[in-house]
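S.K.:
Protein chains: 2
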Amino acid sequence: MPGRKIIKAKNFFEEDFIESLAEVPVEKIESWGADTKLNIVGKPIPRVDGYDKVSGTAKYTFDIKLPHLTYAKILHSPLPHAKIKSIDTRQAKKAPGVLYILTHENCPPIKWWRVTFLFDPHVRNEGDEVACVVATSEKCAEDALKLIKVEYEALPFVIDPEKAMQTDAPRLYDAGNILGGGPSKYARGDVEKGFAEADFIVEDTISTQVEVHNPTEPFCSVVNWDGDQLTVWDSTQTIFGVRSSVAGALEIPESHVRVIKKYMGGGFGSKLEGGKYTVIAAIISREIGRPVKIYFNRKQMNLNAGNRPDSVQKLKAGAKKDGTLTALSHYSHAAVGAHPSGGGCSWPLRAIYKCPNVKVEEYSVMINAGRARPFRAPGHVQGTVGLESIMDELAEKAGLDPLEFRLKNYAEVDPVSNQPYTTKRLREAYLRGSAAIGWNERQNPAGSQPGPVKIGIGMATQIWWGGGGPPAYVTMKMSGDGSVEVLCGTQDIGTGTYTFMAQIAAEVLEIPMEKVTPILGDTAACPYGPTSGGSMTAPSVAPAVRDAAEQMKAKLISGAAALLEVPETELQYKNGVITSIKDAKKTIKIDNIVRRMRLGTLVTTGAREANPVGYQINSFGTQFAKVAVDTETGKVTVLKIVAAHDIGRVLNKMTLENQFHGGIIQGLGFALMEERVIDPNTGLVLTKNLHDYKVPLLLDTPEIEVIIVSDHDPLISNMGVKGIGEPAMIPTPAAITNAVYNAIGVRIKSLPITPDKVLMALQG
Amino acid sequence: MPGRKIIKAKNFFEEDFIESLAEVPVEKIESWGADTKLNIVGKPIPRVDGYDKVSGTAKYTFDIKLPHLTYAKILHSPLPHAKIKSIDTRQAKKAPGVLYILTHENCPPIKWWRVTFLFDPHVRNEGDEVACVVATSEKCAEDALKLIKVEYEALPFVIDPEKAMQTDAPRLYDAGNILGGGPSKYARGDVEKGFAEADFIVEDTISTQVEVHNPTEPFCSVVNWDGDQLTVWDSTQTIFGVRSSVAGALEIPESHVRVIKKYMGGGFGSKLEGGKYTVIAAIISREIGRPVKIYFNRKQMNLNAGNRPDSVQKLKAGAKKDGTLTALSHYSHAAVGAHPSGGGCSWPLRAIYKCPNVKVEEYSVMINAGRARPFRAPGHVQGTVGLESIMDELAEKAGLDPLEFRLKNYAEVDPVSNQPYTTKRLREAYLRGSAAIGWNERQNPAGSQPGPVKIGIGMATQIWWGGGGPPAYVTMKMSGDGSVEVLCGTQDIGTGTYTFMAQIAAEVLEIPMEKVTPILGDTAACPYGPTSGGSMTAPSVAPAVRDAAEQMKAKLISGAAALLEVPETELQYKNGVITSIKDAKKTIKIDNIVRRMRLGTLVTTGAREANPVGYQINSFGTQFAKVAVDTETGKVTVLKIVAAHDIGRVLNKMTLENQFHGGIIQGLGFALMEERVIDPNTGLVLTKNLHDYKVPLLLDTPEIEVIIVSDHDPLISNMGVKGIGEPAMIPTPAAITNAVYNAIGVRIKSLPITPDKVLMALQG
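Going line by line, the protein sequences match chains A and B. The numbering used here puts the first residue of the first sequence at 1, with every later residue one more than the last. The numbering used here puts the first residue of the second sequence at 1001, with every later residue one more than the last.
(1) In chain order, what residues of the same chain lie with their CB nearer than 8 angstroms to the CB of residue 753 (chain A), ignoring the 5 residues before and after it?
(2) Assuming residue 1455 (chain B) and residue 1439 (chain B) form a contact by the criterion Cβ under 8 angstroms, report the distance between their Cβ atoms to the nearest whole angstrom.
(3) Thinking C-beta only, is residue 341 (chain A) closer than 8 angstroms to residue 374 (chain A)?
(4) What residues in its chain sit with their C-beta under 6 angstroms from that of residue 356 (chain A), if we drop five residues either side in the sequence?
(5) Suppose the cutoff is 6 angstroms on Cβ atoms and the five residues either side in sequence are ignored; what does the same chain contact list for residue 502 (chain A) look like?
(6) Who are the neighbours of residue 1059 (chain B) on chain A, taking C-beta pairs under 7 angstroms?
(7) Could you give the DSSP three-state label for residue 317 (chain A): helix, strand or coil?
(8) Closest by CA to residue 1662 (chain B), which one among B:1393, B:1267, B:1537?
(9) With distances taken from CA atoms, which of B:1285, B:1630, B:1511 is nearest residue 1068 (chain B)?
(10) Rounded to whole angstroms, what is the Cα-Cα separation between residue 1395 (chain B) and residue 1436 (chain B)?
(11) Using a Cβ cut-off of 8 angstroms, pull out every chain B residue sitting near residue 46 (chain A), in sequence order please.
(12) What is the rounded straight-line gap between the Cα of residue 758 (chain A) and the Cα of residue 121 (chain A)?
(13) State buried or exposed for residue 1051 (chain B), treating a residue as buried only when at least 16 other CB atoms are found within 10 Å of its CB.
(14) Report the residue from A:183, A:647, A:208, A:154 whose alpha carbon sits nearest the alpha carbon of residue 750 (chain A).
(15) Within 8 angstroms (strictly less), CB to CB, does residue 1326 (chain B) reach chain A?
(16) What residues from chain A crowd round residue 1524 (chain B), counting only those whose CB sits closer than 7 angstroms?
(17) Using C-beta distances below 7 angstroms, list every residue in its chain close to residue 542 (chain A), excluding the 5 sequence neighbours before and after it, in chain order.
(18) Within the continuous beta strand (DSSP E) that includes residue 1626 (chain B), where are the two ends?
(19) Compare the C-alpha of residue 1055 (chain B) against each of A:187, A:176, A:167, A:228 and name the closest.
(20) Hey, which unbroken runs of the beta strand (DSSP E) at 3 residues or more fall wholly within the stretch 222-305 of chain A?
(21) Is residue 1427 (chain B) helix, strand or coil when you go by DSSP?
(22) Measure the Cβ-Cβ separation of residue 194 (chain A) and residue 326 (chain A) and say whether it is below 8 angstroms.
(23) Taking 8 angstroms as the CB-CB limit, is residue 404 (chain A) close to chain B?
(24) Give a yes or no on whether 8 angstroms exceeds the smallest Cβ distance from residue 1477 (chain B) to chain A.
(25) Give the secondary structure of residue 459 (chain A) by DSSP, where H, G and I count as helix, E and B as strand, and everything else as coil.
(26) Within the stretch 75-101 of chain A, note down every full alpha helix (DSSP H) run reaching 4 residues or more, in order along the chain.
(27) What residues from chain A crowd round residue 1167 (chain B), counting only those whose CB sits closer than 8 angstroms?
(28) Excluding the 5 residues preceding and the 5 following residue 1137 (chain B) in the sequence, name in chain order all residues of the same chain whose CB lies nearer than 8 angstroms to its CB.
(29) Between the Cα of residue 1532 (chain B) and the Cα atoms of B:1470, B:1548, B:1451, which residue gives the shortest distance?
(30) As a quick exercise: from B:1507, B:1524, B:1568, pick the residue whose alpha carbon is nearest that of residue 1548 (chain B).
(31) Have a look at residue 705 (chain A) and residue 641 (chain A) and give me their C-alpha separation to the nearest angstrom.
(32) I want to verify the contact list: residues of chain A whose CB lies under 7 angstroms from the CB of residue 1067 (chain B), in sequence order.
(33) Check whether chain A comes within 8 angstroms of residue 1500 (chain B), counting only Cβ atoms and requiring the distance to be less than that.
(34) Counting pairs of beta carbons, one from the stretch 222-240 of chain A and one from the stretch 304-324 of chain A, are three or more of them closer than 8 angstroms?
(35) What residue range is occupied by the uninterrupted alpha helix (DSSP H) comprising residue 659 (chain A)?
(36) For residue 1755 (chain B) and residue 1665 (chain B), what's the separation of their Cα atoms in angstroms?
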């Protein structure tokens, strides 16, 4: 295997490093420089799937219809914590149209999260799966659910993480409620010494709420067995992840499972793994010999789709008179629900600023509520609110402008690894962003503007990982008419993957974009592609597309050389035509090459390059928020967000701006309104629908200005592109929080910043 | 492009050579030797799709159901030759459920065969397409067909090829009725001199009938537009051929068309190109915005599915006293129908026997009848009947045993190219086959057995091309559980391609076959694979599978070396486990390698090797028939066929024997019963259904003994396999013909050998 070497690859969701072997293409292709004239890449090109989506012909998982399709509905636990004493499905089984009922009594003992099972008689949160009915219609299935009689033994529950951490709290698991048995810790330098050296110290507690996943498209699977081969259509960010989860649960070879996802209405981290619902549908489908459709309604989404865990962050920061940070400490706990992933949020604090002494201690605490799971920049959104609040507080105490204070502590190398960055253009982002928002017009002191409606300006900084993460392979096939198919087993979750793949192939091969058909989201058809998460799709897939296209170009030139009998070095490739430099009559179109080579189609396989060793790859950005706070009603209106970011190369100006709009609006929702509320007396969720659980609407949308300060990152890949999925959202809530402070002169320390909190803060 | 070179590739259906570039794998893998112990390849393993097929869960094109599916029915010309004066679809359009009607008046002017159009107002045979109705149900579409009023101007027609060759005959095309304007000619040596040197000369005219394609599964397409992307499910031997034909007709990029074929009920050459029906369905589907299903009934199949053209062969052969052939001449004409491919049948005569002087002249003549197209060994089946009849006649005249006579003229090198064969084991086939049938018990002289039922034994020889033909690529993907998907854009048309692909992958990787999932028949999912025709699927695809699997093994060993920190040369691969030779504790399973390498899936792409240059690659065989002829009824019963063949390596003893059974039964049908009959007065086909057009039934099936004299061909590929699709059928009719002569002592010179012909021959 020439050209391969061992590199380090990151597992972004564990914030951990795992040694890995990755394939490195034999020849590294240089990144297009800032001066390379590109005709398609970078341009504001409407998405190639735009027509399908606006015309309604786009097929989402929900739209899959199969002969003899049946419908599954799940009975969920109505209690936050209980044991199932008995389930009586006899009457339900006799109901019209019912084909099958699965419960823990007749389900194979399939292990799920840790010690739990697919159907577990010990339910640990409202919404845990108790039974599944499959019937010939949705109505029949829903009616039958009501006929299932379940006797529960209610158990004591706990929903407050501080209580859950106590030793006498009700336990969700025998091993206790603290995930991993104790805190996650990090330290560098000597934090006590650092605080001793400080001239100014601030301490504060900042808390953020639980934000629930509510993608436009709810969870949905359609499953079909064909002999011993299972096809799963699923709304997922990870077709290969679903495949391995389903195959593992059913104990069948992965090659017997095909997972397909063509279009998707968002994931944001909620669809990063296979769901129980898919496995349940597959089991029943195999029993009844008919395809099964299963999907979540909004109530189920609000209970079970997962969430960004809350955070209680006790922060302490110290600086010298000149503004130099001397120490940062961070203690936090997060209520991560009943079947969670971790809730750490300290990475921004560890990585954004140059600070020699840092100490972190974080607890992820299980409670009897819906599970935490990755949510657009897991940990970073809430961690940035904490960090950037305390930075503003410290700047004020030191009498420094918040922007100057940040520039003072600008990290020239990564403070965690001490490695250099591949590129870092945060300074330019600060300068251009602050100019665009009118930083100098901010109130000084905060809250000093007269009148009931006060305008405020705030800012925050963002860091995220920027290199390609998971492996990505692209197969390119050129047909006899010069049109190409570009296959990658990744997903377009709404972000524009289809479009940039077509752009890059068309750019390299100098052919019209309509001659390029990207094919994604099919484990059988496509080579392995990455999970769509962690802002890693573009940095992982784009280089593989270019690699495959450059190889294709080389093959075409080689073919032309043979057919024209001209040395390759004397050939020129232009607009899909290859011509002898010395004799212009010797010329051939690429489609003629493919046809005359009689190879069927011309095939190449591209791969993403390994990340460079010895460098830290990050995206950086800053956002500035301008808000208006009505001190009589407490209502906060976001007037404008300026987003200035270093994200490497822009692949498509239009889809890039779309992505920023989405991230900023989602950040606004987190700052001002979204919140899961649980009744402490019953342990039941009070915000199970989109009336009670508020998400931002069109009228909440501020003016948004996107400034990209980077052109490309020459070190990271042949495309020099970093991702933008999470960076777009990370700093928004923190910037809004700081802007509100600047408007009213009082800091709201608990998100979301709802009118009642603003009024209470103003009152005292 | 290292490792590539220009080679010659054959276009088997044109019996022509075209210069081509083909990819040659960089490292040639040696063929497994005769002494290599194989555990899976070669064994009699039931086909992997057996369960699906016998249980009825296998989805054929006809089984594809889509939401809002509509149904197309075609109105065919009721006359053999006419011009459409007018079409009135007004009433039909108003009929219940009718959605669209396409005729030559509203169809885009899409060119089809030569000067003809998709819908052509000049119809040239009974069955030509006149209109297509698409409706919400089949019944509605059929009812509406009857409401279309067509006024025809009947034109003079011609169905007799001898008449059609005359200058004053009715012309199908302005350019005349002889395809290509004149005969196809071939000559070597000096045939007049050869006949002058002969001691014995025989001359005779042998004719064969038109045999109609009647695969179990009739033609069928289901088409669906998704935006500007077209998906076509089609019963086809060539998904890539259909794709290019449909894209070309619609003038859209090939990458916008996806053709899928999972299971198929036979093709035999009738499905080697895209059909008009598919394009018609796609046009209407685009107009109405709904998917369309179209399929042929048996009547349509008998009129339009194509056929093996008839032949009238005037043969002359000369030999010396010792049996040495001195000259062969062959004049023939074939009635190839209205939109045909060629009808030459002389290849066996040119290539089987050593004969210095050969002359051939062949006419393909167009008539007002259904088209000729490739049919299991195009030309060879009828040509072998002619050649082997005249060989038997000459042997008898020279007083030689027919087998001795053939051995006397055994070609040690290819008589056409003078190149050596890669392997030729025909001599062994003659000897073992003759022993198995009991050659010495044949009647001598012919027809000398007393009593009304006379037993006869006859033989015939077969030659066919044996190397890989078209390009073939195989993508192999190994998942984290060690299971693999093997993708190739070829088809399993019922011959066992799925099964041998799984066998080869399992053999190389030493894993159970159930961990291998072959994926075929999808232009989007699969790399380019060959048309399933010309007995070339196995020789083309099998080497690519082995290549991909060997590369996979190498990647696994390389990964194990890195993970175990042991040099590759010190590792041993056994049953999917890699172990250090020096330290058995250092061991790792292949699934662990894939998981720990964190490459998603491990991917390799294999390709078939180029055929060796300077060699002739052929399969060879001989069949011996034992028949009983009832001289009172004229009925011929085939008692036994011994098939002794050199076909290189056997991939699967069970599917190989299946293939021979099918070929021999089809050959028996050609010899004794199948025949298209046209009424000379009306030009209309009298045998439009399977009652009037007789095909062999289970009770006609003889005892069949298959003897394979080859183990492998070390020169042709890493698998050493030749194809068996056509070889299985080629010699059967000739062997039966000669056996009937041996039984009754009178030669039937016109196939099929029906009872009336036998009785007439015996009487006169």
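We treat Cβ as the ideally placed atom computed from N, Cα and C, and that holds for glycine. Remember, predicted model here, so these are calculated numbers, not experimental data.
M.R.: Based on what the coordinates show:
(1) If you number the first sequence from 1, residue 753 (chain A) lands on position 753. 636, 671, 672, 736, 737, 740.
(2) Indexing the second sequence from 1 puts residue 1455 (chain B) at position 455. Indexing the second sequence from 1 puts residue 1439 (chain B) at position 439. Their Cβ separation, rounded to whole angstroms, is 13 angstroms, which puts residue 1455 (chain B) and residue 1439 (chain B) out of contact at 8 angstroms.
(3) Residue numbering aside, residue 374 (chain A) sits at position 374 when the first sequence is read from its first letter. Residue numbering aside, residue 341 (chain A) sits at position 341 when the first sequence is read from its first letter. In this structure, residue 341 (chain A) lies closer than 8 angstroms to residue 374 (chain A) by Cβ.
(4) Taking the first sequence and counting its residues from 1, the one referred to as residue 356 (chain A) is at position 356. Taken in chain order, the residues that qualify are 189.
(5) In the first sequence, counting from the first residue as 1, residue 502 (chain A) sits at position 502. Hits under 6 angstroms: 48, 513, 516, 518.
(6) Translated into positions along the second sequence, residue 1059 (chain B) becomes position 59. Per Cβ cutoff of 7 angstroms: 226.
(7) Working through the first sequence from its first residue, we reach residue 317 (chain A) at position 317. Reduced to three states, the DSSP call for residue 317 (chain A) is strand.
(8) In the second sequence, counting from the first residue as 1, residue 1662 (chain B) sits at position 662. Here the closest residue by C-alpha is B:1267.
(9) In the second sequence, residue 1068 (chain B) corresponds to position 68, counting from 1. Checked all of B:1285, B:1630, B:1511; the closest Cα to residue 1068 (chain B) is B:1285.
(10) Locating residue 1395 (chain B) in the second sequence gives position 395, counting from the first residue. Locating residue 1436 (chain B) in the second sequence gives position 436, counting from the first residue. So the alpha carbons of these two residues sit roughly 22 angstroms apart.
(11) Within the first sequence, numbered from 1, the residue matching residue 46 (chain A) stands at position 46. Near residue 46 (chain A) there are no residues of chain B at all, since even the closest Cβ is about 13 angstroms away, more than 8 angstroms.
(12) As a position in the first sequence, residue 758 (chain A) is number 758, starting the count at 1. As a position in the first sequence, residue 121 (chain A) is number 121, starting the count at 1. Roughly 44 angstroms separates the two Cα atoms.
(13) The sequence position of residue 1051 (chain B) within the second sequence is 51, counting from 1. By the neighbour-count rule (16 or more Cβ atoms within 10 Å), residue 1051 (chain B) is not buried but exposed.
(14) The residue labelled residue 750 (chain A) in the question sits at position 750 within the first sequence. Answer by Cα proximity: A:208.
(15) The residue labelled residue 1326 (chain B) in the question sits at position 326 within the second sequence. No, residue 1326 (chain B) lies away from the interface with chain A (no Cβ there is under 8 angstroms from its Cβ).
(16) Indexing the second sequence from 1 puts residue 1524 (chain B) at position 524. What residue 1524 (chain B) touches in chain A: 485, 519, 525.
(17) Taking the first sequence and counting its residues from 1, one reaches residue 542 (chain A) at position 542. Hits under 7 angstroms: 500, 504, 651, 719, 721.
(18) Residue mapping note: residue 1626 (chain B) aligns to position 626 of the second sequence, counting from 1. From DSSP, the beta strand (DSSP E) with residue 1626 (chain B) extends over 1618-1630.
(19) Indexing the second sequence from 1 puts residue 1055 (chain B) at position 55. The shortest Cα separation from residue 1055 (chain B) among A:187, A:176, A:167, A:228 belongs to A:228.
(20) 229-234, 257-260, 292-295
(21) One-based indexing of the second sequence puts residue 1427 (chain B) at position 427. Of the three classes helix, strand and coil, the one that applies to residue 1427 (chain B) here is helix, per DSSP.
(22) Numbered from its first residue, the first sequence carries residue 194 (chain A) at position 194. Numbered from its first residue, the first sequence carries residue 326 (chain A) at position 326. Yes, they are a contact pair.
(23) As a position in the first sequence, residue 404 (chain A) is number 404, starting the count at 1. No, its Cβ sits nowhere closer than 8 angstroms to a Cβ of chain B.
(24) For this step, residue 1477 (chain B) is matched to residue 477 along the second sequence. Yes, residue 1477 (chain B) counts as interfacial toward chain A.
(25) If you number the first sequence from 1, residue 459 (chain A) lands on position 459. Residue 459 (chain A) falls in the strand class under three-state DSSP.
(26) 90-94
(27) As a first step, residue 1167 (chain B) is located in the second sequence; it is residue number 167 there, counting from the start. The contacting residues do not exist; residue 1167 (chain B) stays about 38 angstroms from chain A at best.
(28) For the purposes of this step, residue 1137 (chain B) is taken as the residue at position 137 of the second sequence. For residue 1137 (chain B), where only same-chain residues beyond five positions count, the Cβ hits under 8 angstroms are 1071, 1097.
(29) Position 532 of the second sequence, counting from 1, holds the residue named residue 1532 (chain B). Looking at the Cα atoms, B:1470 is the closest of the given residues.
(30) Residue numbering aside, residue 1548 (chain B) sits at position 548 when the second sequence is read from its first letter. Residue 1548 (chain B) has its Cα closest to that of B:1507, out of B:1507, B:1524, B:1568.
(31) Working through the first sequence from its first residue, we reach residue 705 (chain A) at position 705. Working through the first sequence from its first residue, we reach residue 641 (chain A) at position 641. If I take the Cα positions, the gap works out to 6 angstroms.
(32) Indexing the second sequence from 1 puts residue 1067 (chain B) at position 67. Those are 65, listed as they occur along chain A.
(33) Within the second sequence, residue 1500 (chain B) is the residue found at index 500, counting from 1. So no, residue 1500 (chain B) is outside the interface.
(34) no
(35) Locating residue 659 (chain A) in the first sequence gives position 659, counting from the first residue. Element bounds for residue 659 (chain A): 653-672.
(36) In the second sequence, residue 1755 (chain B) corresponds to position 755, counting from 1. In the second sequence, residue 1665 (chain B) corresponds to position 665, counting from 1. Going from the Cα of residue 1755 (chain B) to the Cα of residue 1665 (chain B) covers about 18 angstroms.
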